[in-house]
């Protein structure tokens, strides 16, 4: 007879293979089998996020595996949350000081109190990121550090990040939470350098408990700022302080310096995808509710269908419809919505962007010149965007390979090769993310 | 005007002033030395406006000068000092006229461009400032025993980058702290100072005045001016700007109570700390060493996760309770290598309160260092 521990170890091993390492480590690694009797197993997991994720996706396979390993067909399974299961890093040594830090050196948090987790609409597209945000705000510095939220424009990165800050403050009033845009970080740094107060600047950001930095893609091509940010990052990380960052793509696509990108992706990288129709409807309902207005389902459905991706545009469309109603003194219905959104959002079939337009967007996304895409240069910096441009052109326009080859001033087999290469690599999150982002920039889905 | 000096003496006087020369100043005059010809000697001055040094060199024979000729002139400091340093020993003749300085010695001849001496900033004088006189060796010792505790130049609290020098009746005190450790030394002076004075003096100025003091200098005079402090020994006069701002109240930090007192041989402790420090290279808190007082032994240890560990036990006399505490070994080494006594006391209250190092039987010097807070089980 095998011991209980052996079986549990075996179960964990099977699950690690089944779930994949990242999911296993976030959801099951620290869990324990609380009891197994009367045809029921109770497993304790380390976070509510883990529980939810396991329940929605993996409960079936978990049950099957348990039944097999413990040889008890029909075994039922229940999950419980015990946050104490998470290993906390040991308290680090701290050099004590005579005099306390001056109070005025603590930066203001500049959080917008309206951005909370409660007001964030959770759907399939952002469930993972929301779970991570919740876990981080409950035990900052201990679970996922750093947390990197990435996704396209207007999908709620900033909302989620600020919600972490607000949630931390709600739980611990005296926590030093700082939210700032990367742009502000850069400006303050340059200012401090000009005034020769760089040491003060350093201290300011190196004494916070939770640092929220928005849009780190702006650090690209700013070597010196990267360096300073890197040091601040290391110091906070070393002191177990929570760091949350947002970015519109994966850092490894962004930074040449591997040291930087690998640091950014050290902790947990959570992506926010474009919301599906259902989520878009939920977002509209929530927004309308916040404004104290009830909207007929047909109108919500109409707007959600017309605005395909961006949450910010979704909100804009809703406001427009509502304003139109107030202005006309008419009840809001589908006809009114149609009229309000006429001209703003293409009716029916969308306009197909030209190959030139696609090349332009790809170039601007990768921060290179359109001529460089058209050029013969074969460095990966140019070749990869070129392939993406060819792939998107093939997908979006209805042009044939020979036609496309002419547009790109290349052989048609080159275009064919590029298309196939990107298609087969679409499972790679960074490739898919680039493609999706450019698609949304082109306003096609 | 024609002046004759001994090269060696001229070199010493020039060298004394060089530390106050500002080579890269936007004001060209600050990269020059000022020469004032007095009876039987030349006064050489240099300043970067923060620090100013005057030094004297005697002249040989009589000074030949026209009637009404101005008795002061300047010369580019670096070049002048290089020339004097390279010349062979013997007489050096300086001839000044019409914006030119001619230097002749043996077969060498140099001609330097000078600047109008009126452009040179006027040196502040300690006139009317109260002053005291102290044995030069004692002064040098005081500076040596506190200087290393100053905060580094990057410190945001500027006042901590300097040394607090204060006088109260017949007691002179120097204090330096960087917020993690503090050194205080007191000495009795042979005179009654009228009232109280205190100034915070930049580290750099004290380093320079200490270097200028020679073993044969008997006394140094300190004058407390408005925004300035002056030091004078017969050969050299130095002024320094003082640091603005209020020095933190340090007196409350000096504790007299303790639960554990260890009496330790200074050199034995210094050697052990030095060795154990080799493996104290953790990224956070480099230099962290653990001290464990038990029975009549003190175990000193360090551990760096991906490097290795060290342990050394030395014999000590312990009064009071056994105790575990962690300090930055660098802070211990600095004080131990500067104290020139045989045995020290290390007084501690608990692992989260400061430790106090002082020479056995002498409470005129105290060195207080804050511990590094670590979890208890780490000592195991």
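Protein chains in written order, with the working numbering: chain U, 156 to 600; chain B, 34 to 413. All C-beta atoms, glycine included, are put in the ideal place defined by N, C-alpha and C.
- Closest in alpha carbon position to residue 380(B), among 287(B), 374(B) and 323(B), is 287(B).
- Counting only residues of its own chain and dropping the five nearest sequence neighbours on each side, residue 258(B) has a CB closer than 6 angstroms to the CB of 159 and 162.
- One finds nothing in chain B with a Cβ atom closer than 7 angstroms to the Cβ of residue 344(U); even the nearest lies about 16 angstroms away.
- For residue 406(U), the enclosing alpha helix (DSSP H) has its first and last residue at 406-409.
- Assignment of residue 512(U) by DSSP, reduced to helix, strand and coil, places it in the helix class.
- Cβ-Cβ distances below 6 angstroms link residue 351(B) to 295 and 326 in the same chain, with the five nearest sequence neighbours on each side left out; the list follows chain order.
- With the criterion set as a beta carbon lying under 8 angstroms from some beta carbon of chain U, the members of the stretch 204-229 of chain B are 210, 212, 213 and 215, in sequence order.
- Considering only beta carbons, the part of the stretch 309-327 of chain B lying closer than 7 angstroms to chain U consists of 316, 317, 318 and 321, in chain order.
- If you check each beta-carbon in the stretch 348-365 of chain U against every beta-carbon of chain B, the ones closer than 7 angstroms belong to 354, 355 and 358.
- The three-state secondary structure of residue 50(B), taken from DSSP, is helix.
- Under the three-state reduction of DSSP, residue 592(U) is assigned to helix.
- When C-beta distances to chain U are compared with 8 angstroms, the residues of the stretch 348-365 of chain B below that value are 359 and 361, in chain order.
- Segment contact: the stretch 301-319 of chain B against the stretch 275-290 of chain B, fewer than three CB-CB distances shorter than 8 angstroms; contact not assigned.
- In the DSSP annotation of this structure, the continuous segment of the alpha helix (DSSP H) that includes residue 558(U) starts and ends at 556-563.
- Under the Cβ distance rule, residue 301(U) does not count among the residues neighbouring chain B, no pair being separated by less than 9 angstroms.
- When 7 angstroms is used as the limit between beta carbons, residue 189(B) is near these residues of chain U: 354, 355 and 358, in chain order.
- Relative to residue 90(B), the option among 129(B), 42(B) and 98(B) whose CA is nearest is 42(B).
- Looking at the DSSP output, residue 79(B) sits in a beta bridge with 86(B).
- Between residue 160(U) and chain B, the shortest Cβ-Cβ separation is not below 9 angstroms.
- When CB distances to chain B are screened at a threshold of 7 angstroms, not a single residue of the stretch 184-207 of chain U falls below it.
- Residues of the same chain with a CB within less than 8 angstroms of the CB of residue 515(U), apart from the 5 flanking positions on each side, are 525 in chain order.
- With a cutoff of 9 angstroms on beta-carbon distance, residue 366(B) and residue 306(B) are scored as near each other.
- Between residue 559(U) and residue 517(U), the C-beta gap is not smaller than 9 angstroms, which leaves the two residues out of contact.
- Taken in chain order, the unbroken stretches of alpha helix (DSSP H) that lie wholly in the stretch 336-383 of chain B and span 4 residues or more are 362-371.
- Each residue's CA atom was taken as its position, placing residue 403(B) and residue 185(U) some 38 angstroms apart.
- Distance between residue 331(U) and residue 513(U), taken at the CA atoms: about 44 angstroms.
- Within the stretch 241-309 of chain B, the runs of beta strand (DSSP E) that reach at least 3 residues and sit entirely inside it are, in chain order, 252-257, 261-266, 269-274 and 293-298.
- Between the alpha carbons of residue 87(B) and residue 79(B) lies a gap of roughly 7 angstroms.
- Residue-level contact by beta carbon fails for residue 237(B) and chain U, as no gap is shorter than 9 angstroms.
- Under the DSSP assignment, residue 38(B) falls in the beta strand (DSSP E) whose first and last residues are 35-39.
- A contact between stretches requires three or more CB pairs, one per stretch, nearer than 8 angstroms, and the stretch 469-478 of chain U meets this requirement with the stretch 440-458 of chain U.
- Chain U has no Cβ within less than 9 angstroms of the Cβ of residue 61(B).
- If you keep only unbroken alpha helix (DSSP H) runs of at least 4 residues inside the stretch 76-159 of chain B, you get 110-119.
- Exclusion of the five residues before and after residue 76(B) leaves 69, 87 and 89 as the residues of its chain whose Cβ lies within less than 7 angstroms of its Cβ.
- Taking the beta carbon of residue 302(B) as reference, no residue of chain U falls within 7 angstroms; the closest one sits roughly 20 angstroms away.
- The closest CA to that of residue 124(B), considering only 132(B), 112(B) and 137(B), is found on 137(B).
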